[in-house]
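Student: Here it is: the structure, laid out below.
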Amino acid sequence: MSDVAGADLSPDAVRAEVDQWIENNWDPELPLARWRELLAGSGWACPTWPADWCGRSLTPELGRIVTTELKRAVVPGPPEGIGMMLVAPVLLEYGSDELKQRFIRRTVTGEVTWCQLFSEPGAGSDLAGLQARATRDGDGWLLTGQKVWSTGAATADFGLLLGRTDWDVPKHQGITAFVLPMRQPGVQVRPLRQMNGHSSFNEVFFDAARIPGEYVIGEPGAGWLVARTTLAHERRLATFPAVPTTATGRAHDPVVRQEVARLIELAWSARWLADRTAAARTAGQRPGAEGSLGKLASSRIARQAARVHSLIAGTAGMLAGPEALLGGTIAEIGVSVPGISIAGGTDEIQRMIIAERILGLPREPDVSAGVPFREVRAG
Ligand SMILES: Cc1cc2nc3c(=O)[nH]c(=O)nc-3n(C[C@H](O)[C@H](O)[C@H](O)COP(=O)(O)OP(=O)(O)OC[C@H]3O[C@@H](n4cnc5c(N)ncnc54)[C@H](O)[C@@H]3O)c2cc1C
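Residue 7 is where the sequence shown starts when you use my numbering, and the numbers rise one by one after that.
Rendered as structure tokens:
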């Protein structure tokens, strides 16, 4: 089946084949790296990707069956994170064959790791106002400037980067998407400490960092298309956790019951929305503005879940540290959840996208429209 592109397969046939493959290949003694190579070679790691690029060209519905079977067998899946979720899909869509050859399989096996270098101190919601400058240098490019909030940049091998390559055209037209090698003298990463105590975010500074010419994704100047596709993937990935159906010890408190019911209601409507989006994908529709509905739903669910946790835990849930209730998890959730309303575009920006692109309301005025970026007051 591995060389069958979009074949008419039944769910039962896919389930049986993946189960058989796991039975034939899984060995708990295998090193993780070796297991992931087998997964990548079999096409089961990312079954909806093209058969030529570590996939099996299955529909999203059949792909979900594969994911479920891997979980049911309690075997490791492909690596999670930015590489698999954002970079590889974008390279599959816009990358040259050389870029795909260089990075797709190594991303699936976990041999290379990635970060997303989009946001800057003056360009978050207004991402198209970014100012990290990439200039041509022989066959390649030199990069100068700064990014911020770059999750995982301290450990990443490569970054998916947006740089400004043309200052004489309107802001959306002068951006180019690159693969940036992170481990080089021109790149300096400084971790930031977050209020939940972790340091997953970083500031990243570029001082004549080198980018090989063949590391441009798509065409120079067409980076906004890559950016929009990346964000559509990021928003599509909003997850909807299982929700509690009882509130231990406080199950009869009417206020707790009401808030739990509200959480269940939000989670179920978001799941149905996600199913509808998956069906659209199966029918060939590309990820688009509907991802903003899922993204907004996921941040509302996260906030409501944190509220329910606090109601159940009471004041003990405010304590942090290993000796606190559940090792301080409730307190950590409380201070981490607001980030979900910001990452991948804030709630306000999602509402704007929904208003303009789904409801067809008038567009927000843009004083920079049609103006060369060099004349725009950015940041
Ligand atoms: C957990 C997390 C992980 C992240 N990971 C990454 C990463 O890996 N890589 C990366 O590049 N970035 C990352 N980010 C950054 C994130 O994309 C930005 O923080 C986000 O886009 C908002 O930009 P900003 O922080 O500059 O806020 P601003 O854009 O300055 O916004 C400030 C406030 O103004 C509001 N606002 C702005 N413009 C408008 C408008 N037109 N209409 C109405 N309200 C508006 C916003 O909603 C917000 O409330 C991450 C952020 C978080 C929280």
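No residue lacks a Cβ here, since even glycine has one placed at the ideal position from N, Cα and C.
1. Would you call N208 buried or exposed, if buried means 16 or more other Cβ atoms sit within 10 Å of its Cβ?
2. On the three-state DSSP scale, how would you describe F124?
3. For V193, name the three-state secondary structure that DSSP assigns.
4. So what does R170 bridge to, in DSSP terms?
5. Output needed for R189: all residues of its chain with C-beta closer than 8 Å, excluding positions within five of it in sequence on either side, in chain order.
6. Check whether the Cβ atoms of Q310 and L367 lie closer than 8 Å to each other.
7. Touch check for the region 24-32 and the region 43-62: three-plus C-beta pairs under 8 Å?
8. Please name the residue, chosen from L332, M91, R139, that lies closest to A214 on a Cα-to-Cα basis.
9. Taking its Cβ as the centre, do 16 or more other Cβ atoms sit within 10 Å of E388, making it buried, or is it exposed?
10. Where do the N-terminal and C-terminal ends of the beta strand (DSSP E) with F212 fall, by residue?
11. What residue from A46, E86, L123 has the CA that sits closest to I110's CA?
12. Taking the CB atoms as reference points, tell me whether T150 and C121 lie closer together than 8 Å.
13. Any chance the CB of W50 is under 7 Å from a heavy atom of ligand 1?
14. Hey, could you find the ends of the beta strand (DSSP E) L148 is sitting in?
15. Which partner residues of G49 appear in the DSSP bridge assignment?
16. What is the residue span of the alpha helix (DSSP H) that N31 lies within?
17. Taking the alpha-carbon of R277 as reference, which of A295, S102, K301 has the nearest alpha-carbon?
18. Taking just the CA atoms, how far does G334 sit from G323?
19. Does the region 180-196 come within contact of the region 225-239, defined as at least 3 CB pairs closer than 8 Å?
20. Flag S205 as yes when its Cβ comes closer than 7 Å to any non-hydrogen atom of ligand 1, and as no otherwise.
21. Which of helix, strand or coil does DSSP assign to P371?
22. Taking Cβ positions, are L237 and G351 nearer each other than 8 Å?
23. In this structure, does DSSP put V261 in helix, strand or coil?
24. Does the distance from the C-beta atom of E220 to that of S102 stay below 8 Å?
25. Let me make sure I understand the geometry here. Which of E354, P371, L299, V341 has the alpha-carbon closest to that of I364?
Tutor: The short version:
1. buried
2. coil
3. strand
4. R139, I181
5. D163
6. no
7. yes
8. R139
9. Here the chain has residues from 7 to 385 only, and residue 388 is not among them.
10. 208-217
11. A46
12. no
13. no
14. 146-154
15. Answer is none; G49 lacks a bridge partner.
16. 17-31
17. K301
18. 7 Å
19. yes
20. no
21. coil
22. yes
23. helix
24. yes
25. L299
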